[in-house]
Amino acid sequence: MFFDYHFKRYNFRAMLYAVSLSVIGLMAIWSATNQNQSTLNKQIMGLGLGLFLMVVLSLIDYHWILSFRILIYLVCIAFLVAVLVFGRSRGISTRWLELPVIGQIQPSEFVKIGVILFFSWYFERYQEKINRITVVGSAAVLYAVPAILIYNQPNLSTMIVLTVVVAAIVFSSGISYKWILGVLAVAIPAVILLFYLLQNGMIPFLRGYQANRILSWQNPELYSETYYQQENSIMAIGSGQLWGKGWNNTDILSVKAGNFLVEEQNDFIFAIIGEEFGFVGSMVVILLYLVLTYECLFMAMRAPDPSGRMICVGMAALIGFQSFANIAVATALFPNTGLPLPFISSGVSSLLSLFLGMGVVLNVGLQRKYNNE
């Protein structure tokens, strides 16, 4: 099978975009952590290992990987259950596991990739029966298990990302538009009702801090204590103007240097990029996400079968939506959430999981079965 690959189709562009974002991330992390060598070294090691794993996976037939779909799904569930039982906490969240030799990991990041692989197989396996209520209902249950486990960490933002990714896979699976329109007919009124109930303090499934983040986004003047992170982020991005204040600057007027940002190496790292590299640097980052997402969709269009197509679409949705959501939070277009900026934010679990996913996508692009070639 290795010699059947069409190596002329190896997508070095996608690899270059991912590495470029990671290098920008190293620069931003170095500045955001005030030159913390330990944090930077972990990210560099994550980048090196991620590149290695991406290249290795790009040479392994994804059909062989999908043959372990049940095991992949069960391992994902096992890790999520282990987090709730044995997990380490930071503040109010329990999202991390401490493993021998490996150290601390965040399983939910890897579950995103596992879910993409599993559902890509699932909807190809039941392609001819895809519109049957038993197939759709089973898929809903299979999605709900990891989603509920992630929500209970609590990690609402990652659950939302997982939902968007699965929705993108379902949309690309060839399911009838009757199902899609039916879901939208329920979802849109439900969201409107949610905001109405939230305004009246009647949301039983949201925790207090989650509700406050949404309310502060709607009415920042009434919830200034919750909104200040986003307000300072906007200030930092705006202060960068066209070209920025310069990498790793210590200007007394810097929002970063004044410690006005929280989690600047993770959730609000785009504010660091905006302040230090300005509008031009910010647009370079956004453009890199756009072209990387496009490359995933381009490979989806040329995939040899539905499972390959859905893997690429799932990764495109993951990178595209999560990068948009992180930047939207940093610019107050979305309520405050705890999502990392793909390839850039500090965090080895997130970095490795993305490179693993991209490795599988690159393998889809290597397959020869395009237009009977």
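Following my numbering, the numbering of the sequence shown begins with 1 at its first residue and continues without gaps.
From the three backbone atoms N, C-alpha and C, an ideal C-beta is built for every residue, glycine too.
Bear in mind the structure is a predicted one, so any value in this text is a computation, not a measurement.
{"Query": "Give the list of continuous alpha helix (DSSP H) stretches no shorter than 4 residues that lie fully inside the segment 149 to 205.", "Result": "156 to 172, 177 to 199"}
{"Query": "Going residue by residue through the segment 278 to 354, where are the continuous alpha helix (DSSP H) segments of at least 4 residues, counting only ones entirely within it?", "Result": "306 to 330"}
{"Query": "Measuring only the C-alpha atoms, how far is Ile272 from Gln37?", "Result": "18 Å"}
{"Query": "Straight-line CA distance for Ile130 to Gly314?", "Result": "18 Å"}
{"Query": "Determine contact between the segment 59 to 79 and the segment 111 to 120, defined as no fewer than three beta-carbon pairs at a distance below 8 Å.", "Result": "yes"}
{"Query": "How big is the Cα-Cα spacing for Tyr294 and Met235?", "Result": "31 Å"}
{"Query": "Does the Cβ of Glu157 have 16 or more other Cβ atoms within 10 Å, making it buried, or fewer, making it exposed?", "Result": "Note on identity: in this sequence residue 157 is Ser, with Glu being the wrong assignment. Counting Cβ neighbours within 10 Å, Ser157 comes out buried, since at least 16 surround it."}
{"Query": "Any chance you could list the beta strand (DSSP E) runs of at least 3 consecutive residues sitting entirely within the segment 50 to 79, in chain order?", "Result": "none"}
{"Query": "Report buried or exposed for Thr226, applying the criterion of at least 16 other Cβ atoms within 10 angstroms of its Cβ.", "Result": "buried"}
{"Query": "Give the C-beta separation of Tyr237 and Glu275 to the nearest angstrom, bearing in mind that I take them to be a contact with Cβ-Cβ under 8 Å.", "Result": "Going by the sequence as given, residue 237 is Ile instead of Tyr. Between Glu275 and Ile237 the Cβ distance is about 6 Å, and since that is below 8 Å, they are a contact."}
{"Query": "Beta carbon of Ser346, beta carbon of Ile29: below 7 Å?", "Result": "yes"}
{"Query": "Rounded to whole angstroms, what is the Cα-Cα separation between Gly103 and Leu162?", "Result": "25 Å"}
{"Query": "Counting pairs of beta carbons, one from the segment 9 to 28 and one from the segment 41 to 51, are three or more of them closer than 8 Å?", "Result": "yes"}
{"Query": "Would you please state the rounded distance, in angstroms, between the beta carbons of Leu80 and Pro100? I believe it to be under 8 Å.", "Result": "With a Cβ gap of about 19 Å, Leu80 and Pro100 do not count as contacting."}
{"Query": "List the endpoints of the continuous beta strand (DSSP E) containing Ile105.", "Result": "103 to 105"}
{"Query": "Roughly how many angstroms separate the alpha carbons of Phe86 and Arg13, rounded to a whole number?", "Result": "41 Å"}
{"Query": "Output the boundary residues of the beta strand (DSSP E) element that contains Ile31.", "Result": "In the sequence as presented, Ile is not what sits at residue 31; that position holds Ser. Taken as a continuous stretch (DSSP letters only), Ser31 belongs to no beta strand (DSSP E), being part of the alpha helix (DSSP H) at 12 to 32."}
{"Query": "Once DSSP output is grouped into helix, strand and coil, what is the label at Glu98?", "Result": "strand"}
{"Query": "Pair every Cβ in the segment 132 to 145 with every Cβ in the segment 180 to 188, then say whether three or more of these pairs are closer than 8 Å.", "Result": "no"}
{"Query": "Give the single residue among Leu352, Cys296, Ala144, Gln210 whose Cα lies nearest to the Cα of Leu362.", "Result": "Cys296"}
{"Query": "Quick test of your reading: Leu21 and Leu288, contact by CB under 8 Å. State the CB separation rounded to the nearest angstrom.", "Result": "5 Å"}
{"Query": "Can the beta-carbon of Ser216 be found closer than 7 Å to that of Met310?", "Result": "no"}
{"Query": "Do Ser350 and Glu124 have their C-beta atoms closer together than 7 Å?", "Result": "no"}
{"Query": "Identify the residues that DSSP records as bridge partners of Arg90: which are they?", "Result": "Ser93"}
{"Query": "State the DSSP-derived secondary structure class of Thr250, mapped to helix, strand or coil.", "Result": "coil"}
{"Query": "Tell me which residues share the same chain as Pro220 and place their Cβ nearer than 6 Å to its Cβ, disregarding the 5 neighbours each side in the sequence.", "Result": "Tyr227"}
{"Query": "What's the C-alpha gap between Phe260 and Tyr223?", "Result": "17 Å"}
{"Query": "Looking at the structure shown, is Asn266 part of a helix, part of a strand, or coil, going by DSSP?", "Result": "coil"}
{"Query": "For Pro146, which of helix, strand or coil comes out of DSSP?", "Result": "helix"}
{"Query": "Within its chain, find whatever has a CB closer than 7 Å to the CB of Tyr62; leave out the 5 residues flanking it on each side and keep chain order.", "Result": "Gly308, Ile311, Val360, Asn363, Val364"}
{"Query": "Apply the 10 Å Cβ neighbour rule to Glu373 and answer buried if 16 or more other Cβ atoms are within range, or exposed otherwise.", "Result": "Its pLDDT being 41, under 50, Glu373 is placed unreliably in this model, and the coordinates cannot settle the point."}
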